[in-house]
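Data first, discussion second: the structure below is written as structure tokens.
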Amino acid sequence: MISIGILSFFRKSIKDKFRVLLIGLGGGTMPLQLLHVFRHCHVTAVELDPTVVEVANKWFGLDREEFKLRLAIHVGDGIEHVKKIDQANTSSGGEMELFSWVS
Numbered sequence: 078m079i080s081i082g083i084l085s086f087f088r089k090s091i092k093d094k095f096r097v098l099l100i101g102l103g104g105g106t107m108p109l110q111l112l113h114v115f116r117h118c119h120v121t122a123v124e125l126d127p128t129v130v131e132v133a134n135k136w137f138g139l140d141r142e143e144f145k146l147r148l149a150i151h152v153g154d155g156i157e158h159v160k161k162i163d164q165a166n167t168s169s170g171g172e173m174e175l176f177s178w179v180s
């Protein structure tokens with residue numbers, strides 16, 4: 078995946094701890110790839126359609142026990158989720174980085 082290569086380029090090491098926010102889950106291949114390649118990353122995915130989450134869990138194994146502590150899936154509007162994160166970071170003085178690319 079090109080996006081994994083780009084992400085690894087920005088990291089000093091694949092052992093670095095970092096967080097990824099995915100808007101849209103699809104079949105779940107992006108979070109699975111991230112969790113397998115970067116053993117110290119935490120992935121949060123926001124998906125509007127609960128049926129997509131059910132299918133990804135059932136057929137692609139996103140609900141595996143090995144991912145429970147590093148994967149959070151929220152059903153809801155991705156834009157609203159980003160706004161909540163931005164508000165929380167603004168009030169705490171934190172920063173938020175967003176990367177976007179089309180593959």
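This note's numbering puts the first residue of the sequence shown at 78, with every later residue one more than the last.
Ideal placement from N, C-alpha and C gives every residue a C-beta, glycine not left out.
Rounded separation between Ala-165 and Gly-155 - CA only: Here the question's residue 165 lines up with position 88 in the sequence shown. Here the question's residue 155 lines up with position 78 in the sequence shown. If I take the Cα positions, the gap works out to 15 Å.
What alpha helix (DSSP H) runs, 4 residues minimum, are completely inside the segment 87-138? As summarised for the segment 87-138, the continuous alpha helix (DSSP H) elements at least 4 residues long and confined to that stretch are 106-114, 127-137, given in chain order.
Using alpha carbons as the reference points, say which of Ile-100, Glu-124, Leu-109 lies closest to Glu-142. If you number the sequence shown from 1, residue 142 lands on position 65. Of the candidates Ile-100, Glu-124, Leu-109, the one whose C-alpha sits nearest the C-alpha of Glu-142 is Leu-109.
Option in Ile-162, Val-130, Gly-138 with minimal Cα separation from Ile-150: As a first step, residue 150 is located in the sequence shown; it is residue number 73 there, counting from the start. Closest option to Ile-150, Cα to Cα, is Val-130.
Under the three-state reduction of DSSP, which class applies to Gln-164: helix, strand or coil? Position 87 of the sequence shown, counted from the first residue, corresponds to residue 164. If DSSP states are grouped into helix, strand and coil, Gln-164 belongs with the helices.
Straight-line Cα distance separating Ala-133 from Phe-115: Walking along the sequence shown from the start, residue 115 turns up at place 38. Walking along the sequence shown from the start, residue 133 turns up at place 56. Taken atom to atom, the span from the alpha-carbon of Phe-115 to that of Ala-133 is near 20 Å.
Using beta-carbon positions only, say whether Gly-101 and Phe-137 come within less than 8 Å of one another. Taking the first residue of the sequence shown as 1, we reach residue 101 at position 24. Taking the first residue of the sequence shown as 1, we reach residue 137 at position 60. No; because the gap between Cβ atoms is not below 8 Å, this pair is not in contact.
In terms of alpha-carbon separation, which member of Gly-153, Val-159, Lys-145, Lys-160 lies closest to Cys-118? For the purposes of this step, residue 118 is identified with residue 41 of the sequence shown, where counting begins at 1. Ranking the options by Cα distance to Cys-118, first place goes to Lys-145.
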